[in-house]
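A.B. asks: For the sequence shown, this note's numbering gives the first residue as 30, with consecutive numbering after it.
From the three backbone atoms N, C-alpha and C, an ideal C-beta is built for every residue, glycine too.
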Amino acid sequence: MRGRKWLSEGLRAPPPELRWGSTAESAGRKELLSEAGLHRSSNKGARCVLEASCLLGLGNVRPPLPATGRDMEEESLPSPAERLDGPGISRRISVSEFSCHCCYDILINPTTLTCGHSFCRHCLALWWASSKKNECPECREKWEGFPKVNILLRNAVEKLFPTAIEQRKDDILQNHEATQSLAAFQKYGSDQPTAAPSARRVNPPGGGFFSGVLTALTCVAVVLLGYHWSSRESEDGLLVHKPVAKWTAEEVAHWLGQLGPWTSLYRERFLQERVNGRLLLTLTDEELRQAPYQVENSSHRKAIAMELERVKMLGVKPPQNLWEYKAVQPGRSLFLLYALKSSPRLTMLYLYLSDYSNTFLPFIHTVCPVSEAQELEDVIAKLHDHKDPVWKQWREFLMKFAFLPYQLLAEFAWDWLETHYWTSRFIIVNAMLLSVLELFSFWRLWSRRELKRIPYRMWSHFWKMSTQGFLMAIFWPVIPQFACNCLFYWALYFNPIINIDLVVKEVRRLETQVL
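1) Under 7 angstroms Cβ to Cβ from L300, same chain only, skipping five residues before and after it: list those, please.
2) For T97, which residues of its own chain have a beta-carbon under 7 angstroms away from its beta-carbon, when the five flanking residues on both sides are left out?
3) What's the C-alpha gap between L462 and L246?
4) For P95, collect the residues of the same chain with a Cβ closer than 7 angstroms to its Cβ; drop the 5 residues on either side in sequence, then sort them by chain order.
5) In chain order, which alpha helix (DSSP H) runs of at least 4 residues are fully inside the region 298 to 368?
6) Whole angstroms is fine: what's the gap from N138's alpha carbon to D200's?
7) Between V536 and V465, what straight-line distance do the alpha-carbon atoms span, to the nearest angstrom?
8) Going by CA-CA distance only, name the one from L189, K162 and L153 that's closest to S125.
9) Where Y518 and R318 are concerned, what is the direct C-alpha to C-alpha distance, given to the nearest angstrom?
10) Is H151 closer than 9 angstroms to N204 when the C-beta atoms are compared?
11) Thinking C-beta only, is L312 closer than 9 angstroms to P373?
12) Please state whether the Cβ-Cβ distance between E425 and C397 is less than 9 angstroms.
13) I need the boundaries of the alpha helix (DSSP H) containing T292, first residue and last residue.
14) Applying the 10 Å Cβ sphere with the 16-neighbour rule, what's the burial state of A460?
15) Among the residues of its own chain, which have a CB less than 7 angstroms from the CB of S147, if the five just before and after it don't count?
16) Counting C-beta neighbours from all protein chains within 10 Å, is the total for V419 16 or more, i.e. buried, or is it exposed?
17) Is it true that the CB of T388 sits closer than 9 angstroms to the CB of L378?
18) Which term fits L288, buried or exposed, when burial requires 16 or more other beta carbons within 10 angstroms of its beta carbon?
19) What does DSSP give as the partner residue(s) for T141 in the beta ladder?
20) Among K275, V340, E325 and H270, which residue has its Cα nearest to the Cα of Y295?
21) DSSP three-state label for E164, please.
22) Going by C-alpha to C-alpha distance, which of S293, S328, G344 and P290 sits closest to L309?
23) Would you list the residues sitting across from V178 in a DSSP beta bridge?
24) For Q209 and A154, I'd like the C-alpha separation in whole angstroms.
25) Measure the C-alpha to C-alpha separation of F430 and I508 and round it to an integer number of angstroms.
26) Let's test the definition: count the other Cβ atoms within 10 Å of the Cβ of N528 and tell me whether it reaches 16, buried, or not, exposed.
27) What separation, rounded to the nearest whole angstrom, lies between the Cα atoms of N524 and C248?
28) When the distance is taken between beta carbons, is L351 closer than 9 angstroms to H270?
29) Where does the unbroken alpha helix (DSSP H) through S219 begin, and where does it stop?
30) Among T376, L480, H394 and C129, which residue has its Cα nearest to the Cα of P434?
31) Check I529 in the structure and name its three-state DSSP category.
32) Residues bridged to I135 by DSSP?
33) Out of E297, R330, A320 and W276, which has the shortest C-alpha to C-alpha gap to N305?
34) Which two residues bound the contiguous alpha helix (DSSP H) that contains C513?
35) For T143, count the other beta carbons within 10 Å of its own beta carbon; 16 or more makes it buried, fewer makes it exposed. Which is it?
36) Would DSSP call K416 helix, strand or coil?
Dropping the structure here:
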C-alpha cells in the first residue's frame, strides 16, 4: 500500500524501505571502496573508476523482495546501463574526471606510470619523442621498465563515454605526428632487453645462482690477471726490446726454447757452452751440425738457421706470443682486440687490404690449413708461412667469414693453447658467446620482418667503426699507457663474463616472447 501511495503521489525518490537495489549497490560500493582504500581518497579519478566498476558489476545484486514488491521494482527501477546514463550518475562522473593532463581531453588508451599518473598513450609517446627522457610529464619522476596500458581504466572510460572515445580515436588516426611517435614508442618498448616481471618472481633462485656464477668468474679473472702480472717479466725486459748482441746465455736458451718443444735437446748444450748473443750471431749451418751443438736433424737445423736469420735482420727477437706482440705494438694489439670483437668481418677485410703478408697470411694458414700435415705443424712455423692460400683454403675461409666469423678467432686461439693456457680459453669462450649474440640479432631482425634494413644497418655499422678507428688513431699518442692496459685486459678477461649475462637475458626474453 505504501508503494502504491508513493507512485500515486509522484515522488521522485522512493522511501527508504523500497530502495532495495539502491541500498545493495551502495553497500557493495562502500565495501569495495573501503577494501581498495579509496572510500575517503582524494583521487577522484580512481574513485570514479571503482564506482563505475561497482555499478557495472553490481547492478543485479539486490536482496530478496516480497512477492508484491518484486514486480513493482522490475517495472520501476532502471537497468545498470540506464543508471549510468541518468542525471544522478552524470553529476558524479563526468569527462573531466578522466582527462589527460597533457592534452586535457578524455583519456585514450590510458597508460599509468610508476608514479601513478595516467596519460593518453599517444600523448606519452609525443612527450617521449620530444624530450628523449623516461620521466613523467607531470611530476618528472622517472618511470621504470616500459609503461603498459591500464586495462581497467581503459574499459571503464570506453563504457562510460563510448561516443567521445570513438571521436577521439578518429582524430588521433588522422594526426600523422601522433601515429609516428606512437610507432616509435612501441618499437622502443619492444627493443627493451628486460625480462618479464613474472619470470623474475617465479624463479628467484635461478637468478641468484647465475649471479653467483658471474661473481665466481669475475674472481677467477682477477686472480688470473694478478698472477699474470706477478709471474711475467716486465715488458721493458722482454727480448723483443733488447738487441741480440746484448743477450746473455740464459736469454739465448730462452729464445731457443720458444722455437718449439723439439729444442729441448739442444738448450742444455747452448747453456753449457755459454753461447751469448754475440756468439749466436756468428754461428753458421756447418757449426750447428758439428760438436758441441750436434744439431744433426736437418729440419731442426734449418728451422734454427731461418729463425737466426730473422733475428739478425731485425736486430731483436721477433714477437712470438701475445704478450710480446702487445709489447712491440701496444696500439695495434688494442685496436685488433676491440675491432675483432665488435666487427670481425670488417677487421679481417682491413687486414687483407692493409697487412696481407705479415698478419693475414699467417692467420689464414692457421685457421684453414691446406692439409693435415700443415695442421700438425708448430704454430710458430705457421706464423712464418708466407705462401699464398690455395682455392681450398679460400673456400673454407669465405664460408666461415660469411656465417661464423667468430669461429675463425676461436680456431686461431685453439692453436695457442700450449702457449697461452688460460687466455686462449677466455678467447674461445668469448667467441662462442659472440656467435650466439649475433644469431639472436639476426633472429630479432627476422621476427620483426626487418631483413630489408640489413644494408642500411651494414652501412651505419661501417661508418661507426670507421669513425671509431679514426678517432683512436688521432688520440692514441695522448692516451696513458696504464689506461690502455686496463682497456686491453678488460676486453680480454672481463668481456666474456659480460657476454654470458647478455646471452642469458636474450634467452629469457625469447622464452617470454614464446609464452
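C.D. replies: Quick answer:
1) A278 and A282, listed in sequence order.
2) Low per-residue confidence applies at T97: pLDDT is 41, beneath 50, and the placement is therefore not dependable, though the value from the model is reported in the following sentence. Here the set comprises nothing.
3) 15 angstroms
4) Legend: pLDDT at P95 = 44, less than 50; position of this residue unreliable, value from coordinates given subsequently. Correct list: empty, nothing qualifies.
5) 306 to 311, 314 to 318, 327 to 343 and 351 to 357
6) 14 angstroms
7) Going by the C-alpha atoms only, they are around 10 angstroms apart.
8) L189
9) 44 angstroms
10) Taking 9 angstroms as the Cβ cut-off, N204 and H151 qualify as a contacting pair.
11) no
12) With a cutoff of 9 angstroms on beta-carbon distance, E425 and C397 are scored as near each other.
13) Segment: none, T292 is in no alpha helix (DSSP H) and carries neither H nor E.
14) buried
15) Sequence-distant Cβ neighbours of S147 in its own chain, meaning closer than 7 angstroms and more than five residues away, are L136, P139, T140, T141, N179 and L182.
16) exposed
17) The Cβ-Cβ distance between L378 and T388 does not fall below 9 angstroms.
18) By the neighbour-count rule (16 or more Cβ atoms within 10 Å), L288 is buried.
19) S147
20) E325
21) In the structure shown, E164 adopts extended strand secondary structure according to DSSP, grouped into three states.
22) G344
23) According to DSSP, residue pairing for V178 in a beta bridge involves T140.
24) Roughly 9 angstroms separates the two Cα atoms.
25) 33 angstroms
26) buried
27) 14 angstroms
28) For H270 and L351, no; Cβs fall outside 9 angstroms.
29) Counting along the chain, the alpha helix (DSSP H) containing S219 begins and ends at H205 to S219.
30) Checking every option, the nearest Cα to that of P434 belongs to T376.
31) helix
32) S128
33) Shortest Cα-Cα distance from N305 to any of E297, R330, A320 and W276 involves W276.
34) Q510 to Y518
35) exposed
36) K416 falls in the coil class under three-state DSSP.
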